Amino acid sequence: MKYSQIMHATMIFTGILGGIALVGAWIAGGSGTFLGFSASLLYTNALNLQIVAISAGICTLVRRQMEKENPGSFF
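Spelled out as structure tokens, the structure:
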């Protein structure tokens, strides 16, 4: 499996988790909780997970370009 495929899967997985955290924060509201987590914690988690997803997406684009230029090389 190519490194770019692993990063692409990471991007999708963390993006979905970030979306779930954001929806959970909206359900929790201003003063409630969702699955035992406060809304502020869920907002923070959603932000961090989306940042990881965006950086994994950028890494995927860079790695795919590197794999096109050097097809047999891992690094």
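Each residue of the sequence shown is one higher than the one before, starting from 14 at the first, in the numbering used here.
Using N, Cα and C, we set each Cβ at its ideal position, and we do this for glycine too.
Bear in mind the structure is a predicted one, so any value in this text is a computation, not a measurement.
Provide the residue(s) that pair with T27 in DSSP beta bridges, ordered along the chain.
T27 is not bridged to any residue.
Helix, strand or coil for S51 per DSSP?
strand
Quick check: the Cα distance between A52 and N58, rounded to an integer number of angstroms?
10 Å
Per DSSP, T46 forms a beta bridge with which residues?
S51
Are the CB atoms of A66 and M20 within a distance shorter than 7 Å?
no
With DSSP as the reference, label N83 as helix, strand or coil.
coil
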